[in-house]
Every structure is written in C-alpha cells, then in structure tokens.
Amino acid sequence: MEAALVKFMDAFNSGNAAAVGQMYTDDAALLPPDGKRVDDRKGVEEFWQGAIKAGMKNLTLKALEVEGSGNLAYEVGAFTLSVPSKGGAPSTVAGKYIVVWKKGGDGTWRLHRDIWNLGAAQ
C-alpha cells in the first residue's frame, strides 16, 4: 500500500483528478471534515478536482499504521497539504486520516472509505 500512497500523491500533485478517482472503488465514500458525504467514484473524482482547482497542492501522506485481513485493510496516517490563504500566499495544513482499502477481483487494492480532519496526528 506504500506504492499506492506514492501513486495517490503523484496523481494529486500533478493535478490529475481522474487518476486519483481511479484509486477508489466504484462504490467509494469520502467523509470530508465539515462536509457532506461524497459517494461513488465519479463523485470522488469531482471532489478532488474541486480541491485541485481551489489551489490545494503539495500533498504528502505518511502511513502510521496498516492492518488488514482478507480483502479489507485499514490505514491510519498523517498528511500535510498546501492550501491558498486569504492573503494569496499558500499555507501548510496538517491532519490525520483513516482509510479502508478493499482488494478487487483483479487483485488491486483501492480506497473504499476515506475520512480525514485537521490537526496534529499525534
């Protein structure tokens, strides 16, 4: 799953929301902070496209804990992200996340559930 994190960061940081969306299951769900649940791969792609268009960039992800059984696994991690500020200069925010990975019939692990919030991971 470490390779998947790198792939996610590369896709996001290059502005490729379609590639980010492909990393999720067809029936994925995002649970963003202070926002509505976002369902299915198309909705997820649109969400990340909006974040990219809003100027979010320089995403870093670090897995702190990964455990799984069968075709499901969970990951607890930390992130940093550059976001535009009111003054125009970007600021860096930090947060934590939990994702549920699901292994498909083709053997590919994809994000199935994704929730995060801001604040130090530890």
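Residue numbering for the sequence shown follows the working numbering, starting at 1290 and increasing by one per position.
All residues carry an ideal CB built from backbone N, CA and C; glycine is no exception.
By the neighbour-count criterion, in which 16 or more other beta carbons inside 10 Å mark a residue as buried, Asp1323 falls on the exposed side. Here Gly1359 is exposed: its Cβ has fewer than 16 other Cβ atoms, across all protein chains shown, within 10 Å. Relative to Lys1375, the option among Glu1354, Ala1343, Ala1292 and Asp1316 whose CA is nearest is Ala1343. Contact check between the region 1382-1389 and the region 1363-1372: three or more CB pairs, one atom from each, fall below 8 Å, which counts as touching.
Residue pairing by DSSP places Leu1353 in no beta bridge whatsoever.
The closest CA to that of Asp1316, considering only Ala1307, Asn1305, Asp1328 and Thr1349, is found on Asp1328.
In this model, Met1312 and Ala1318 are separated by some 12 Å (Cα to Cα). In the DSSP assignment, Lys1342 falls within the unbroken alpha helix (DSSP H) covering Asp1329 to Lys1342. For Gly1393, there is no enclosing beta strand (DSSP E), as DSSP marks it with neither H nor E. Secondary structure of Lys1296 (DSSP, three-state): helix.
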